[in-house]
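Residue numbers (this note's numbering): 26 to 378. Even for Gly, the Cβ is constructed at its ideal location relative to N, Cα and C. Quick notes on the structure that follows.
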Ligand SMILES: *Cc1c(COP(=O)(O)O)cnc(C)c1O
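See below:
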């Protein structure tokens, strides 16, 4: 049954070991992020076997599955800020959550105090990427505002970069995080964790330029796809092909490369742009945006992906004279394609060792 995604657990485990070693050589104990694989238990097992002691995901549903599988033998981290409506369940399914709203923190504090459970929080600081986080000059006020908390424990501070604004982690912005930790501790209380970002910090890590006080990272893509995420450069020694997507050719015809008639928006509201290649051989594959996203790297070196709609992938097959209807074509997913393939119920998951 196709499309399928093959998940090579040995390669994931080897990548996980490699990144863990790299982190530990800089005094960092990272968590492994499972959200791009939809909290997959076989993948999580490979990560834990490689030595990760903390797993992180953005969805409580995935964390619930991980808690059931690992009980309390690994620590679980919620990456997305809790919804107010989740405040009573967050402490049940994870040990640590990332937070940036005082109202949410206050509500969780109440739930945790009443249930005599325990929960730790990492306070996110926005150092310019403009996704989540308290603005740095709010931190003194935040410290005061939560000084009366008795149940929630502030585990540390964290930053997320290169997600929305595309801001690159560097010694300047990570040093600001270090400065905020020192200021926090001067106001009172020790912070155990300083979480210096996601896979986009790996490049700085390879250059041994992460400030010494940063002792935590949250790594997803770098482990799964073997690349840092600033320029998507390969991490030396990592497997880049732990995942393979397979899809079947369902049409193969000579067609013009320019649409006939007046072109308006495509199915996704984008105005498409076509290059005139004359009449050419085109393949349609039975896989689409319900299953994958672009970019997708074709392992059939001469097959060039032109575009995708909900259920169809269109490719230029001029360089593939041997290709025929019914053939399988293999692809290496990018991050978006991996996320969708693992989440889509239409894509068969095939685990190999
Ligand atoms: C997704 C996510 C990560 C992991 O990002 P990668 O680029 O896959 O390493 C880390 N932190 C937060 C808050 C996230 O949402």
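Delimiting residues of the alpha helix (DSSP H) encompassing residue 248: In the DSSP assignment, residue 248 falls within the alpha helix (DSSP H) that extends over 246-250.
Three-state class that DSSP yields for residue 388 in the structure shown: In the structure as shown, the chain begins at 26 and stops at 378. Residue 388 is therefore absent and cannot be evaluated.
Residue 58 Cβ short of 7 Å to ligand 1 heavy atom set: In this structure, the C-beta of residue 58 approaches ligand 1 to less than 7 Å from one of its heavy atoms.
beta-carbon residue 126 near ligand 1 non-hydrogen atom, thresh 7 Å: Result no, Cβ not under 7 Å from ligand 1.
Residue 314 CB to nearest heavy atom of ligand 1 below 7 Å: Not under cutoff, so the answer is no.
Cβ shell of residue 90 (< 8 Å), same chain only, five flanking positions each side left out: The answer, listed in chain order, is 64, 66.
Residue 244 beta carbon near ligand 1 (any heavy atom closer than 7 Å): Under cutoff, so the answer is yes.
Counted within 10 angstroms of its Cβ, other Cβ atoms place residue 36 as buried (16 or more) or exposed: Here residue 36 is buried: its Cβ has 16 or more other Cβ atoms, across all protein chains shown, within 10 Å.
Chain-order list of residues whose beta-carbon lies under 6 Å from that of residue 243 (same chain, five-residue window excluded): Same-chain partners within the cutoff: 56, 58, 81, 223.
Helix, strand or coil at residue 332 [DSSP, three-state]: Residue state for residue 332 is assigned as strand, using DSSP reduced to three classes.
Residue 365 burial status per 10 Å Cβ neighbour count (16 or more: buried): Counting other Cβ atoms within 10 Å of its Cβ, residue 365 reaches 16 or more and is therefore classed as buried.
Length at least 4, wholly inside the segment 164-217: the alpha helix (DSSP H) runs in chain order: Listed in chain order, they are 164-170, 196-212.
C-beta contact flag for residue 138 and residue 175 at 8 Å: Annotated as proximal: residue 138 and residue 175, with beta-carbon spacing under 8 Å.
Beta strand (DSSP E) runs contained entirely in the segment 239-285, provided each spans 3 or more residues: Counting only runs of 3 or more residues that sit fully inside the segment 239-285, the beta strand (DSSP E) segments are 268-281, in chain order.
Option nearest residue 285 by Cα separation, candidates 46, 199, 169, 304: In terms of CA proximity to residue 285, 304 leads the group 46, 199, 169, 304.
Opposing strand residues paired with residue 309 [DSSP bridges]: The beta-bridge partner set that DSSP reports for residue 309 consists of 276, 339.
Any 3 or more C-beta pairs closer than 8 Å across the segment 293-313 and the segment 267-279: Yes, the segment 293-313 is in contact with the segment 267-279.
Short Cβ contact (8 Å threshold) for residue 9 with residue 104: Because the chain spans 26 through 378 in this model, residue 9 falls outside it and cannot be assessed.
Minimum C-alpha distance to residue 122 - residue among 45, 106, 113, 62: If we check each option's Cα against that of residue 122, 106 comes out closest.
Exposure label - residue 133; buried when at least 16 CB within 10 Å: Buried, by the Cβ-count rule.
Span separating the alpha-carbon of residue 290 from that of residue 29: Approximately 30 Å, taken between the alpha carbons.
Beta-bridge pairing of residue 31 - partner residues as DSSP gives them: Beta-bridge annotation (DSSP): residue 31 is paired with 269, 375.
Residue 223 in three-state terms, based on DSSP: Note: residue 223 maps to coil in three-state DSSP.
Environment of residue 350 [buried if 16+ CB atoms lie within 10 Å]: Under this definition residue 350 is an exposed residue.
Opposing strand residues paired with residue 358 [DSSP bridges]: According to DSSP, residue 358 shares a beta bridge with 321.
Inter-residue spacing [alpha-carbon to alpha-carbon] between residue 70 and residue 367: The alpha-carbon atoms of residue 70 and residue 367 are separated by roughly 16 Å.
4 or more residues per run - each alpha helix (DSSP H) lying fully within the segment 76-140: Runs of the alpha helix (DSSP H) inside the segment 76-140: 85-95, 115-118, 127-140.
Residue 75: CB within 7 Å of a non-hydrogen atom of ligand 1: Answer for residue 75: no, Cβ out of range of ligand 1.
Proximal residues to residue 267 (C-beta, below 8 Å), its chain only, five neighbours per side dropped: Excluding residues within five positions, the ones whose Cβ falls inside 8 Å are 32, 33, 36, 37, 40, 249, 250, 251.
The beta strand (DSSP E) enclosing residue 150, as first and last residue numbers: Counting along the chain, the beta strand (DSSP E) containing residue 150 begins and ends at 144-150.
Coarse secondary structure for residue 348, derived from DSSP in three states: Coil at residue 348, not helix or strand.
Sub-8 Å separation of residue 150 and residue 164 beta-carbons: Taking C-beta atoms as the reference points, residue 150 and residue 164 count as a pair closer than 8 Å.
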